[in-house]
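Taking it in order: structure first as structure tokens, then the write-up.
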Amino acid sequence: MTEIIGVRFKSGGKQYYFDPNGQAVAPGQGVIIETSRGLEYGECTQGNTMVEDEAVVQPLRPLVRLATEKDLDTVAKNREKEARAFSICQEKIAAHGLDMKLVEVEYNFEGNKILFFFTSEGRVDFRALVKDLAGVFHARIELRQIGVRDEAKMLGGLGICGKPFCCATFLDEFQPVSIKMAKTQNLSLNPTKISGTCGRLMCCLKYEQEAYEDAVRRMPKNESFVETPEGVGTVSQVNLLKETVKVRLEEQPEAPKCFHNCEICVVRNGKGKLPEGYVPPPPEELAKLRKITPVEEPRSLVGSVDAALSGLGVAPAEPE
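So for the sequence shown, our numbering puts the first residue at 22; every next one is plus one.
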């Protein structure tokens, strides 16, 4: 077992494990950590915890110290510098005529390195821009091209659901999302309905995919031939969430009827031919298929008590 603490360097960013170095750290505390980029400020998101050795990548980098007032002041000053650097970089981009959009500027804790994040539809030759920026800030300059999903994660905002972006709040990393997921969930394939603000397929399509795949395995396909308590017919519509199907009965094809999945017996799943020699069972046999009965509404407790009192010859109390 290995003792660790969890630290995030950005709100909504990925959590990393570090060696607490013998110190007790509580969630929410600011910490100074030794990283591959030098000293960095982060926020503890998971206090001292023992985890399996396989869950961490050794060697763990150590905690240097809990953040002091001086450290917090340094972080605040770096945020002010980032705002100034953003404006200057935008001016330099325009002066060089580069086709790129600046998204965010990040100073490291020690202030000797500045990272500029940008988006662009193609490759950008920014060597002259880097020289200009290095001459202005007298620090190590790094420009990093990111995708539109990373841009949305950095900037944040509200999704079409009205809630803050998942990627900017709790998603540690992006999961692959495909159009097949939207098809499995019977969603409209209109891009405006299934795309996020970033223009890519919504991350939340992934959340319920396993449940839908499980339902698809248990439910019959469209055009399946099934037996129901009211006769045989063909499935015309499937509702995966309610686990119900609409069936065009052979005797009443113009008025499809709705049945729960447990009420039907699948003879042929999907299109194709019926089993050789298949003969529909007689109506009395089909009627033996399980038929769901509606659940009775619970009786009023007040009415039950009044009835019991009346049986004992006691008059019920008048309401105040």
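All residues carry an ideal CB built from backbone N, CA and C; glycine is no exception.
Following the DSSP letters along the chain, one finds M71 inside the beta strand (DSSP E) bounded by residues G59 to V72. Relative to E127, the option among V259, I162, L93 and D94 whose CA is nearest is I162.
It is roughly 39 angstroms from the alpha-carbon of A88 to the alpha-carbon of L226. Counting the other Cβ atoms within 10 Å of the Cβ of N211 gives fewer than 16, which makes it exposed. A distance below 7 angstroms between beta-carbons, with the five flanking residues on each side excluded, links E55 to the following residues of its chain, in chain order: R82, P83 and V85. G217 counts as buried, since no fewer than 16 other beta carbons sit within 10 angstroms of its beta carbon. Comparing alpha-carbon positions, the option among K292, S108 and V157 lying closest to K134 turns out to be V157. Taking a cut-off of 8 angstroms for Cβ pairs, the region 189 to 196 and the region 232 to 241 do not touch, as fewer than three such pairs fall below it. Secondary structure within the region 136 to 205: the beta strand (DSSP E) runs of 3 or more consecutive residues, fully enclosed, are 161 to 166 (chain order).
When the Cα atoms are used, D146 and E131 turn out to be separated by approximately 28 angstroms.
With a cutoff of 8 angstroms on beta-carbon distance, G252 and P304 are scored as near each other. Residues of the same chain with a CB within less than 8 angstroms of the CB of C187, apart from the 5 flanking positions on each side, are G180, C224 and C225 in chain order.
If only uninterrupted alpha helix (DSSP H) runs of at least 4 residues are considered, none is enclosed by the region 78 to 113. With contacts defined as CB atoms closer than 8 angstroms, T205 and V237 qualify as a contacting pair. Residue burial is scored here from C-beta neighbours: T70 has fewer than 16 other C-beta atoms within 10 angstroms and is therefore classed as exposed. For Q258, no alpha helix (DSSP H) run applies; the uninterrupted beta strand (DSSP E) run containing it begins and ends at G252 to N260, by DSSP. Under the three-pair Cβ rule at 8 angstroms, the region 116 to 124 does not count as touching the region 87 to 106. Cβ neighbours of L310 within its own chain (closer than 8 angstroms, five residues either side excluded): E248, T249, P250, E284, I285 and C286.
Taking every protein chain shown into account, the CB of D40 has 16 or more other CB atoms within 10 angstroms, so this residue is buried. Beta-bridge analysis with DSSP links L208 to no other residue. Membership of V126 in the beta strand (DSSP E) is indicated by the continuous run K122 to Y128. In its chain, beyond the 5 residues on either side, E248 have a beta carbon closer than 7 angstroms to the beta carbon of P302. Contact annotation: I167 and F138 have beta-carbon atoms nearer than 8 angstroms. For L307, the uninterrupted alpha helix (DSSP H) run begins and ends at P304 to L307, by DSSP. Residue environment for A173: buried (at least 16 other C-beta atoms within 10 angstroms of its C-beta).
Collapsing the DSSP output to three states places E24 in a strand. The straight-line gap separating the alpha-carbon atoms of L295 and E271 is approximately 14 angstroms. In the structure shown, C279 adopts extended strand secondary structure according to DSSP, grouped into three states. Secondary structure note for Y38: its beta strand (DSSP E) is the uninterrupted segment Y37 to F39.
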